[in-house]
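*Asks:* When the letters of the sequence shown are read in order and numbered with the working numbering, they come out as residues 8 to 310. For every residue, glycine included, the Cβ atom is placed at its ideal position computed from N, Cα and C.
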Amino acid sequence: MKNVLHINTVGDYLNLRKQEVLHPLVGIVDFENVNKEGYENKDYDAFHYNCYAVFLKDAKGCKMQYGGKPYDYDEGTLVFMAPGQTIELSGFDPNYVPKGYAILFHPDLLIGTELGKKLHSYSFFSYSSNEALHLSAKERKVILSLLEKIQFELEQNLDKHSKKLIVANIELFLDYCTRFYDRQFITREIENIGSLERFDVLLSQYFSSDKPQKHGTPTVGYFADRLHLSPNYFGDLVKKETGKSAQEYIQNKLIEVAKERVFDPSKSLSEIAYELGFKYPQHFTRLFKQRVGHSPSEFRNLN
Numbered sequence: 008m009k010n011v012l013h014i015n016t017v018g019d020y021l022n023l024r025k026q027e028v029l030h031p032l033v034g035i036v037d038f039e040n041v042n043k044e045g046y047e048n049k050d051y052d053a054f055h056y057n058c059y060a061v062f063l064k065d066a067k068g069c070k071m072q073y074g075g076k077p078y079d080y081d082e083g084t085l086v087f088m089a090p091g092q093t094i095e096l097s098g099f100d101p102n103y104v105p106k107g108y109a110i111l112f113h114p115d116l117l118i119g120t121e122l123g124k125k126l127h128s129y130s131f132f133s134y135s136s137n138e139a140l141h142l143s144a145k146e147r148k149v150i151l152s153l154l155e156k157i158q159f160e161l162e163q164n165l166d167k168h169s170k171k172l173i174v175a176n177i178e179l180f181l182d183y184c185t186r187f188y189d190r191q192f193i194t195r196e197i198e199n200i201g202s203l204e205r206f207d208v209l210l211s212q213y214f215s216s217d218k219p220q221k222h223g224t225p226t227v228g229y230f231a232d233r234l235h236l237s238p239n240y241f242g243d244l245v246k247k248e249t250g251k252s253a254q255e256y257i258q259n260k261l262i263e264v265a266k267e268r269v270f271d272p273s274k275s276l277s278e279i280a281y282e283l284g285f286k287y288p289q290h291f292t293r294l295f296k297q298r299v300g301h302s303p304s305e306f307r308n309l310n
């Protein structure tokens, strides 16, 4: 990337699109109101965001790169950006006309609010390649109605109710997005099951190789990377399909393997701990006892 434009404030993006700044910490762009001059990106290869941004794309012709991979970003999709993330832009159709909406809000807007405390729970802000939210026609209407309510507040004179109502509608917007993502996980159930099956194979292969000694106990990020998913999306997928967190799923497999190996009298418990990727045997003993109810040595003697 040669030229990266840093979007440090909501105003930075609105000024780029030649839109009026109605509030310093939150803004909405309707691309129907953006003329060609306001959508000229020739000087930039990418945007780096230091505020939250959500884009509803209603037109084809723009390809995006996120984390070096094509983003699943096409007609009728929502894309989420968090502070510190960068989007690369490429592959514009010469006749491309932007259509859709963008809402941006600065973290400072959420200081002292309940939304500020729970924002980390919206894991889709860290989703990446092929993980955008695809909206149905009904879902799109809900999203647009909430953007309309926020825009209504932005166009009023600021008063003591403004921040509360704006933040409340952003929170409702994000809560609906959570529901719609849950629906997307269900509609992609076959695809998700395939990913879980590959996860199980990779997990078994990890413990049957020398990877634990080289890289330590397996991490969620390791398997997410091999399945070409972001860690958060992968974690949510596992949770929704199994009811367990990805970390818990990995630890359950580790304990299954550990139980089998503890039966081998030719190996010390320290050797088994190192084989499973533990740097310190006492960490293995502690986890084993938490999960099994007995220490490895007690379990070996019991059986």
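By a C-beta neighbour count over all protein chains shown, 10 Å radius and 16 as the cutoff for buried, is Q26 buried or exposed?
*Replies:* By 1-based counting over the sequence shown, the position of residue 26 is 19. That one is buried.
*Asks:* Please say whether F38 and L12 have beta carbons closer to each other than 8 Å?
*Replies:* Sequence index remark: in the sequence shown, residue 12 carries index 5 (1-based). Sequence index remark: in the sequence shown, residue 38 carries index 31 (1-based). Against a cut-off of 8 Å, the Cβ pair of F38 and L12 comes out as no contact.
*Asks:* Starting from D207, trace the beta strand (DSSP E) in both directions and tell me its first and last residue.
*Replies:* Here residue 207 refers to the residue found at position 200 when the sequence shown is read from its first residue. Here D207 belongs to no beta strand (DSSP E); instead the alpha helix (DSSP H) covers 196-214.
*Asks:* On the CB-based measure, 16 or more other CB atoms within 10 Å of its CB, does T224 come out buried or exposed?
*Replies:* As a working note, residue 224 is residue 217 in the sequence shown. It counts as buried.
*Asks:* So, at 8 Å on beta carbons, what are the nonlocal neighbours of A265 in its own chain, with the 5 sequence-adjacent residues on each side left out?
*Replies:* Here residue 265 refers to the residue found at position 258 of the sequence shown. Within the same chain, A265 has close Cβ partners I279, L283, F291, F295, P303.
*Asks:* Taking the alpha-carbon of G123 as reference, which of H235, F192, E178, T84 has the nearest alpha-carbon?
*Replies:* Your numbering for residue 123 matches position 116 in the sequence shown. That would be E178, whose Cα lies nearest to the Cα of G123.
*Asks:* With DSSP as the reference, identify every bridge partner of T84, one or two as the case may be.
*Replies:* Here residue 84 refers to the residue found at position 77 when the sequence shown is read from its first residue. The partner list for T84 (beta bridge, DSSP) reads K64, H141.
*Asks:* Distance check for P272 and G300, CA to CA, integer angstroms please.
*Replies:* Position 293 of the sequence shown holds residue 300. Position 265 of the sequence shown holds residue 272. Whole-angstrom Cα-Cα distance: 21 Å.
*Asks:* Return the bridge partner residues of D37 from the DSSP annotation.
*Replies:* Here residue 37 refers to the residue found at position 30 when the sequence shown is read from its first residue. For D37, which the question treats as bridged, DSSP gives the partners Y108.
*Asks:* How is the beta strand (DSSP E) around Y56 delimited, first residue to last?
*Replies:* On the sequence shown, residue 56 is found 49 positions in, with the first residue counted as 1. From DSSP, the beta strand (DSSP E) with Y56 extends over 53-56.
*Asks:* Have a look at G242, E155, F112 and flag the residue whose alpha-carbon is nearest the alpha-carbon of A89.
*Replies:* Taking the sequence shown and counting its residues from 1, the one referred to as residue 89 is at position 82. The candidate whose alpha carbon is nearest that of A89 is F112.
*Asks:* Give every residue of the same chain whose Cβ lies closer than 7 Å to the Cβ of T120, excluding the five residues on either side of it in the sequence, and list them in chain order.
*Replies:* Mapped onto the sequence shown, residue 120 falls at position 113. The answer, listed in chain order, is V174.
*Asks:* Can you say whether N308 is buried or exposed, counting buried as having 16 or more other CB atoms within 10 angstroms of its CB?
*Replies:* As a working mapping, residue 308 is identified with position 301 in the sequence shown. Exposed, since its Cβ has fewer than 16 Cβ neighbours within 10 Å.
*Asks:* Can you tell which of G83, H222, N15, Y108 has its C-alpha closest to the C-alpha of L153?
*Replies:* The count along the sequence shown starts at 1 and reaches residue 153 at position 146. It is Y108.
*Asks:* Counting C-beta neighbours from all protein chains within 10 Å, is the total for Y20 16 or more, i.e. buried, or is it exposed?
*Replies:* Numbered from its first residue, the sequence shown carries residue 20 at position 13. Buried.
*Asks:* With Y240 and E138 assumed to form a contact (beta carbons below 8 Å), what rounded beta-carbon distance in angstroms separates them?
*Replies:* Counting from one through the sequence shown, the residue named residue 240 turns up at place 233. Counting from one through the sequence shown, the residue named residue 138 turns up at place 131. Indeed, because the Cβ distance is near 5 Å, the residues count as touching under 8 Å.
*Asks:* Kindly confirm or deny that the region 55-65 and the region 188-196 touch, where touching means at least three C-beta pairs closer than 8 Å.
*Replies:* Judged by Cβ distances under 8 Å, the region 55-65 makes no contact with the region 188-196, as fewer than three pairs qualify.
*Asks:* When you compare only the Cα positions, how much space is there between S143 and Q297?
*Replies:* One-based indexing of the sequence shown puts residue 143 at position 136. One-based indexing of the sequence shown puts residue 297 at position 290. For S143 and Q297, the distance between alpha carbons rounds to 45 Å.
*Asks:* For a test of the three-state rule: what should DSSP assign to E95, helix, strand or coil?
*Replies:* Within the sequence shown, numbered from 1, the residue matching residue 95 stands at position 88. Note: E95 maps to strand in three-state DSSP.
*Asks:* Using beta-carbon positions only, say whether I157 and L210 come within less than 8 Å of one another.
*Replies:* Within the sequence shown, numbered from 1, the residue matching residue 157 stands at position 150. Within the sequence shown, numbered from 1, the residue matching residue 210 stands at position 203. Their beta carbons are not under 8 Å apart, which means I157 does not touch L210 by this criterion.
*Asks:* If you drop the 5 nearest sequence neighbours on each side, which residues of the same chain put their C-beta closer than 6 Å to that of G34?
*Replies:* For this step, residue 34 is matched to residue 27 along the sequence shown. Only V17, L21, L111 meet the Cβ criterion.
*Asks:* Return the first residue and the last residue of the beta strand (DSSP E) that L12 is part of.
*Replies:* Position 5 of the sequence shown, counting from 1, holds the residue named residue 12. Counting along the chain, the beta strand (DSSP E) containing L12 begins and ends at 11-14.
*Asks:* For the alpha helix (DSSP H) that E162 lies in, which residues bound it at each end?
*Replies:* Position 155 of the sequence shown, counted from the first residue, corresponds to residue 162. Here E162 belongs to no alpha helix (DSSP H), and DSSP marks it neither H nor E.
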